[in-house]
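Visitor: Dumping the structure here so I can ask a few things about it.
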Amino acid sequence: MGYSEIELAEYVVKHYAGLLTLTQKKALKHHQHLLKLADNPDRERVTLMYTRNKWLSEEPETFTQLDGGYSNFIVNCSKELLSNQGADVVINTCPQCGRLARTPLAKQCRHCFFDWH
Ligand SMILES: [Zn+2]
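Going by my numbering, the sequence shown opens with residue 1000, and the numbers climb by one from there.
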């Protein structure tokens, strides 16, 4: 296999987020909005707004998902998704170097620049 577990997890979560469970989706959104908050000078007010819009979750299941850190969370999401819905996921790898392509539809490798159009 020409790619790591975490590379695969990033790819799956990015391109197949729609197939995640509702709890996983909430945890993902929560994490993304926490990142956005990090550099925000108006943090307190924005936190309130995010919470009101449910972009930041207040549900304990969300925190449980993210307990082991973000990398661990997306690896778990990816494993679960591939074992339950693997048939719906295209793992697009380069025919030349075997690494993961940027997207499921990409026809050019971002690592070795091989082109399979
Ligand atoms: Zn390649």
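Using N, Cα and C, we set each Cβ at its ideal position, and we do this for glycine too.
Looking at Thr1046 and Leu1055, is the spacing between their C-beta atoms short of 8 Å?
Guide: yes
Visitor: Output the distance between the C-alpha atoms of Gly1001 and Ser1082, rounded to the nearest integer angstrom.
Guide: 20 Å
Visitor: Find out if the Cβ-Cβ distance for the pair Ala1008, Cys1076 is shorter than 8 Å.
Guide: yes
Visitor: Compute the Euclidean distance between the alpha carbons of Arg1098 and Cys1108, then round it to the nearest angstrom.
Guide: CA-CA distance, Arg1098 to Cys1108, rounds to 8 Å.
Visitor: Tell me the residue span of the alpha helix (DSSP H) that contains Tyr1069.
Guide: First-last of the alpha helix (DSSP H) with Tyr1069: 1069-1084.
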